[in-house]
Amino acid sequence: MAKLLTGAPVTQAVADWIREKSALLAEQGIVPTVAIVRVGACAADLSYERSFTKKAESLGIQIKKQILPVETTEVELLKVLYRINEDRGIHGCLLFRPLPEHLNTRAVLCALRPEKDIDAMTGASMGSLITQDHMGYPPCTAEACLRILDFYGIPVKGKNVVMVGSGMAVGMPTAIMLINRGATVSVCHIFSDPERVKKLCREADIIISAAGKAGLIGAEHVAPGQVIVDVGINQGADGKLCGDVAFDQAEPVVEAITPVPRGVGAVTSTILAAHAVEAALTAAGL
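Structure, rendered in structure tokens:
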């Protein structure tokens, strides 16, 4: 039976750090503050906005909302971001995407200063993963994967890691962060030969899957002694939430595995809150 790498204790550790640093900021009269910018009223955005606001406020983080109508022009949205850039009382910005089709997402994202980009939206933030110059912050889910490994004492230096999925939100940044830590990383994607993927996975020390396909990683992919981090959030044939990994097939074989739900997803939003506190600390020179 594999060890379950649940997200709750990781989340608690991050939350404890947030409260400790927030107390330090409070001594300077500073409240970590996040601007939420939303254009329109997409149901998914509204749901995440509610959940993140609740979590942030429970951790002592202030939320300032900038809610704009769906017909907002690019110039109007850019003005909002410029104001956020110049507002010293706002330490981070969360801009909901995708934006309406009439807006140039790339141009909009380029307007946000990297130091306030707590959700890794800008090219500067993503580029800094390669240059390691610490502009902006890494994608929250990618960082959550590494936080889980760290919390449970699973080293990555010198390990063979297979990253299944090459998306810019999780797969690619996670692979870069692992390389920066000294891991040997193979990245598999939709064009990878399925048999080659199976072989790479079986030979890996750690498998991280963020492909978004239920049951993609099965018994033929895994081997004893492995650690699996399942980032996938899918709906199974039974209608229940599940990951990319066929849990019932992998769990009896591998050494450790994150469950879905209660795994990586439980950590991600707390990482976003931690980035806001880090931004406030940096701005205060602490």
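All residue numbers for the sequence shown refer to the numbering used here, where the first residue is 449 and numbers rise by one. Glycine residues also receive a C-beta, built at the ideal position from the N, C-alpha and C atoms.
Residue i, buried or exposed, once every other Cβ within 10 Å from all chains shown has been counted against 16
i: Ser506; result: exposed
i: Asp678; result: buried
i: Glu524; result: exposed
i: Val518; result: exposed
i: Arg595; result: buried
i: His550; result: exposed
i: Glu651; result: exposed
i: Pro546; result: exposed
i: Asp464; result: exposed
i: Gly680; result: buried
i: Leu542; result: buried
i: Ser470; result: buried
i: Met449; result: exposed
i: Val645; result: buried
i: Gln674; result: buried
i: Lys564; result: buried
i: Tyr530; result: exposed
i: Ala623; result: buried
i: Met611; result: buried
i: Ala724; result: buried
i: Leu734; result: exposed
Residue(s) in a DSSP beta bridge with residue i
i: Ser657; result: Val612 and Asp678
i: Ala704; result: Lys451 and Val675
i: Val693; result: Ile665
i: Gln514; result: Val485
The beta strand (DSSP E) enclosing residue i, as first and last residue numbers
i: Ala483; result: Thr481 to Val487
i: Leu542; result: Gly540 to Leu543
i: Cys634; result: Note that residue 634 is Ser in the sequence shown, not Cys. Looking at the DSSP string, the run of the beta strand (DSSP E) that includes Ser634 is Thr632 to Cys636.
Residue span of the alpha helix (DSSP H) that contains residue i, given as start and end
i: Cys490; result: First-last for Cys490: undefined, no H or E at that position.
i: Val518; result: Counting along the chain, Val518 falls outside any alpha helix (DSSP H), and DSSP gives it neither H nor E.
i: Gln460; result: Ala456 to Ala474
i: Val618; result: Here Val618 belongs to no alpha helix (DSSP H), and DSSP marks it neither H nor E.
i: Ser640; result: No alpha helix (DSSP H) holds Ser640; DSSP gives it neither H nor E.
i: Gly684; result: Looking at the DSSP string, Gly684 is not in any alpha helix (DSSP H), and its letter there is neither H nor E.
i: Val670; result: Where Val670 is concerned, there is no enclosing alpha helix (DSSP H), given that its DSSP letter is neither H nor E.
i: Leu771; result: The chain is shown only over 449 to 734; residue 771 falls outside these bounds and no answer can be derived.
Nearest-angstrom Cα separation, counted from residue j out to residue i
i: Glu668; j: Lys647; result: 9 Å
i: Ser657; j: Val635; result: 10 Å
i: Trp526; j: Gln514; result: First, the amino acid is wrong: residue 526 is Leu here, not Trp. Their backbone Cα atoms lie some 12 Å apart in a straight line.
i: Gln580; j: Leu720; result: 19 Å
i: Glu703; j: Pro642; result: 24 Å
i: Pro587; j: Thr718; result: 12 Å
i: Met620; j: Leu472; result: 34 Å
i: Gly571; j: Lys502; result: 29 Å
i: Glu699; j: Leu452; result: 9 Å
i: Gly488; j: Val482; result: 19 Å
i: Leu560; j: Leu597; result: 31 Å
Any chain B beta carbon closer than 7 Å to residue i
i: Gly477; result: Protein chains in the displayed structure number just one, and chain B is not present.
Run through the region 519 to 607 for me and flag every whole alpha helix (DSSP H) of 4 or more residues, listed as ranges in chain order. Within the region 519 to 607, the complete alpha helix (DSSP H) runs of at least 4 residues are 522 to 534, 553 to 558, 571 to 579 and 588 to 599.
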